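Notes follow once the structure below has been shown.
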Amino acid sequence: MLLSGSGKGQPGAVPGWVGYALLPVLNLVAAFVLSGLVILVIGENPIDVLSLLLSEALGYPEAIGYTLYYTTDYIFTGLAVAIAFHCGLFNIGGEGQAYLGGLGAGLVALALTGWPWPVVALLAVLASALFGAAWAFIPAWLQAKRGSHIVITTIMFNFIAASIMTWLLVDVLIRPGSQSPETREFDPGVWLPSMDRALGWFGITIPASPLNLSFLWALACCLLFHIFLRRTRWGYELRTVGRNERAAVYAGISPSRNIIIAMLISGALAGFVGVNEILGVQHRVILNFTGGVGFVGIAVALMGRNHPVGIILAALLFGVLAQGGGQLSFDYPTINRELVMVIQGLVILFAGAMENLFKPQVEALFRRRSAATAADVATGGRG
Amino acid sequence: MEDALLLALQLLSATIRVATPLVLAAFAGMYCERSGVVDIGLEGKMLAGAFFSAAVASVTLNPWLGLLAGIAAGVVLALVHGFACITHNGNQVVSGMAINILVAGLAPTLAYAWFQQGGQTPLLPNEARIPAVELPGVEALSGIPVLGPVYRELLNGNNVLIWVTLVLVIATHWVLYRSRFGLRLRAVGENPAAVDTAGLSVTRLRYQALLVTGALTGMAGSYLSTGHGAGFVRDMTAGKGYLALAALIFGKWRPGPTLFACLLFAFTDAVQVRLQGVELPGIGVIPVQFIQMLPYVLTVLLLAGFVGKAIAPKASGIPYVKER
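Just so you know, the sequences run in chain order A and B. FYI, the numbering for the first sequence is 1 to 383, going by this note's numbering. FYI, the numbering for the second sequence is 1 to 324, going by this note's numbering.
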């Protein structure tokens with residue numbers, strides 16, 4: 001009653017915040033309890049490990065920089081998964097689209113040596129969007145026109161992307177005379193400025209970290225995402241198709257057109273990971289720089305309830321896990337950074353696949369409570 | 001002539017060895033997908049099977065206990081999948097993905113903590129590995145022209161699990177098309193409401209299917225780490241679970257074609273190993289990566305309807321909710 005009036009007058013109603021706040025938190029707690037058990041099995045104290053994880057991720061400015069750098073990737077892939085979700089599609093291909101996006105950004109940076117960085121950054125953003133979208137287009141077209149299941153085709157496209165990128169880096173783009181499969185380093189003039197450098201222009205000093213300007217672009221994308229989805233005709237059409245394809249057809253909205261549009265945007269958003277990683281941090285195209293960001297994006301979108309604010313928060317959570325978890329191995333000889341994947345997997349399992357785990361119990365609790373208060377009010381009024 | 005035959009036999013033998021885990025995983029997927037539960041977690045279950053068999057085998061030095069542990073690991077994860085997707089109507093794709101990520105982290109994490117060898121199990125001695133079957137009379141038959149080499153190269157010295165897989169393939173065909181369980185299984189994947197109306201429990205049938213799925217994926221993992229290999233190494237399955245999924249779709253969810261798809265994918269792999277760096281007349285050297293992505297491209301083409309038409313079980317991926 002306090003937070004929303006929606007339950008007023010109908011005993012048995014469950015306040016809205018239970019759905020988008022309480023249940024996710026409960027699921028998260030369950031995931032962390034199980035992660036704690038895994039840590040216990042390894043033979044360490046879960047409380048110590050998890051508190052170290054938190055302090056290594058948020059405890060000092062440099063760590064926060066690293067955390068936000070990971071968060072940037074997860075915002076992009078989270079938005080990518082979410083926009084497809086809004087159209088009723090499941091894009092598991094974020095990984096491959098991000099990989100190709102990095103190729104686009106990298107090719108621009110390699111070609112434009114000597115150009116001012118803002119121009120390169122702009123063109124790299126466009127190129128990564130184009131490459132990512134192009135990689136999403138084929139599964140999208142196949143889904144829209146031939147009914148090929150997009151979950152399977154995007155999985156297959158992840159593998160095809162990995163093969164193509166390996167071939168390109170091993171045989172084509174490799175730095176001449178080099179043994180390791182990567183391109184030459186970009187000219188420092190075209191690098192996307194890191195946040196410490198950018199803030200330095202305004203006289204603000206922060207410690208150096210991989211955090212770069214693409215973080216701001218990620219936040220801007222969240223805003224654009226919201227405006228597109230909620231304030232434009234296209235967003236409305238897209239959501240209509242996602243909610244009820246048949247109704248959309250009756251309203252004169254073409255499902256196949258919107259499926260393709262949603263996937264193009266999704267691929268473009270995933271492609272921006274390439275800007276952050278390749279142009280902002282690695283400064284060269286390397287193998288496997290995506291490292292699972294596309295899959296984490298699924299978790300981010302699910303936990304964030306496909307809403308930009310939720311996605312930012314969920315991306316932050318996974319950023320904390322990635323950064324804090326990566327640091328654990330320095331203090332605990334028995335732990336290595338794969339523990340992060342355990343926690344990620346459990347969070348996805350509980351927050352995604354078992355999101356209804358506690359729902360019946362919690363809703364019953366609230367129904368009973370609100371019924372009880374309603375009864376109180378009723379008897380109180382009469383008495 | 002003799003050499004060509006020998007080469008062909010060696011290729012086929014390699015094909016069979018590579019195909020075995022694929023066949024096990026693809027047939028595992030067939031049971032649950034035929035029952036209407038999509039499982040992209042084959043990869044994770046296989047990896048768990050590989051790790052736990054190798055871990056148990058290296059501690060007990062008994063490969064059969066290892067095999068049991070691998071099967072148990074697969075079954076437990078399959079039950080988790082069932083709990084999320086059948087009991088709680090969760091999203092099957094998300095659950096499968098979660099299991100893949102969880103195991104990709106859990107296996108090296110436990111290996112790192114238990115064995116302190118950088119995320120792998122110790123190298124297994126021979127007595128801790130699932131043995132190969134040495135057939136009798138190799139010497140006696142080796143004199144016979146074609147039959148001798150075939151017997152020696154192709155049939156002799158195969159791992160026990162390869163023979164088990166062969167039996168399972170035939171058994172699966174029988175179970176799916178000739179047994180009552182198979183009829184119900186196929187029905188529950190096409191029209192669960194009808195099965196429910198007939199008084200059968202959809203939940204029970206789907207859980208049964210997942211038990212088989214878990215056992216077979218676990219066995220596939222055991223084969224990798226204790227049969228084919230000698231110990232668990234990080235990311236040992238390397239996408240074989242997804243390849244099996246591709247084979248299952250390429251085989252249109254039917255035993256015969258799925259087996260053929262697995263053998264085809266394995267054959268391209270065996271050929272690719274031989275073709276590396278070899279100049280082909282008129283084409284030049286084909287980059288390895290292009291051969292490696294062939295199965296995935298074929299699957300996409302099939303799904304697009306360019307190579308036949310793949311029709312999935314109608315109810316697959318949809319949680320069954322009873323009408324109230």
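C-beta atoms are modelled at their ideal positions from N, C-alpha and C, and glycine is treated no differently. Model, not experiment: these values are computed from the prediction.
Under the criterion of beta carbons closer than 8 Å, A:L346 and A:L79 do not qualify as touching, at roughly 23 Å.
Less than 8 Å divides the Cβ of B:I101 from the Cβ of A:Q344.
Counting only runs that start and end inside the region 207-253 of chain B, the alpha helix (DSSP H) elements of at least 4 residues fall at 240-250. The closest CA to that of A:L216, considering only A:G16, A:V125 and A:N336, is found on A:V125. Separation of the CB atoms of B:E43 and B:Y242 is rounded to 6 Å, and the pair is thereby assigned contact status at 8 Å. For B:L12, the enclosing alpha helix (DSSP H) covers residues E2 to R34.
Look at A:E245: its C-beta is not under 8 Å from any C-beta on chain B. Cβ proximity to chain B below 9 Å picks out E338, L339, V340, M341, V342, I343, Q344, G345, L346, V347, I348, L349 and F350 from the region 338-350 of chain A. Against chain A, the beta carbon of B:C85 has neighbours under 8 Å at A353, listed in chain order. Residue range L42 to T60 is occupied by the alpha helix (DSSP H) that includes B:E43.
For A:R146, the C-beta contacts it makes with chain B under 9 Å involve L303, A304, G305 and F306, in order along the chain. Among the bridge pairs identified by DSSP, B:A132 is matched with B:N159. The alpha carbon of B:G118 has as its nearest neighbour, out of B:V233, B:L294, B:V167 and B:P295, the alpha carbon of B:V233. Nearest Cα to B:R186 within the set B:G239, B:M30, B:Q10 and B:L7: B:M30. By the Cβ rule, the region 299-319 of chain A does not count as touching the region 124-139 of chain A, because fewer than three pairs are nearer than 8 Å. Counting along the chain, B:Q272 sits inside the alpha helix (DSSP H) bounded by residues P255 to L275.
Within the DSSP bridge table, the entry for B:G284 names B:L280 as partners.
Taking B:P63 as the centre and dropping the five residues before and after it, the same chain places the C-beta of A57, A128, R129, I130 and T226 closer than 7 Å to its C-beta, in chain order.
Beta-bridge pairing by DSSP links A:S194 to A:N212. Straight through space, the alpha carbons of B:V138 and B:L6 are spaced by roughly 15 Å.
The beta carbon of A:L58 is closer than 7 Å to those of I64, T67 and V320 in its chain, skipping five residues each way along the sequence.
Under the three-state reduction of DSSP output, B:P145 falls in the coil class, being neither helix nor strand. Taken residue by residue, none of the region 53-68 of chain B has a beta-carbon sitting less than 7 Å from a beta-carbon on chain A.
B:H228 is the residue among B:V76, B:K45, B:L47 and B:H228 whose C-alpha sits nearest the C-alpha of B:L124. The beta carbon of A:G280 sits closer than 6 Å to the beta carbons of L192, N212 and S214 from its chain, once the five residues preceding and following it are set aside; these are given in chain order. Using a Cβ-Cβ cut-off of 8 Å, B:M293 counts as an interface residue toward chain A, since at least one Cβ of chain A sits closer than that to its own. Two segments are said to touch when three or more pairs of C-beta atoms, one from each, lie closer than 8 Å; by this definition the region 31-41 of chain A does not touch the region 291-301 of chain A. Under the 8 Å criterion on CB atoms, B:G189 is classed as non-interfacial with respect to chain A. For the region 167-192 of chain A, the residues whose beta carbon sits under 8 Å from a beta carbon of chain B are, in order, W167, V170 and D171.
Residues of chain B with a Cβ closer than 8 Å to the Cβ of A:I298 are, in chain order, V94 and M97. The beta carbon of B:T213 does not come within 8 Å of any beta carbon belonging to chain A, so the residue lies off that interface. If you check the CB distance, A:L313 and A:A136 do not come in under 8 Å. Setting aside the 5 residues that flank it on each side, B:P255 is surrounded in the same chain by T172 and H173, each with a C-beta closer than 6 Å to its C-beta; the list follows chain order.
Unbroken alpha helix (DSSP H) runs of no fewer than 4 residues, entirely contained in the region 202-274 of chain A, are found at 214-231, 233-243, 245-250 and 255-271, following chain order.
Residue nearest to B:G74 within the set B:L24, B:F250 and B:S142 is B:L24 (criterion: CA-CA distance). At least one C-beta of chain A is nearer than 8 Å to the C-beta of B:P108.
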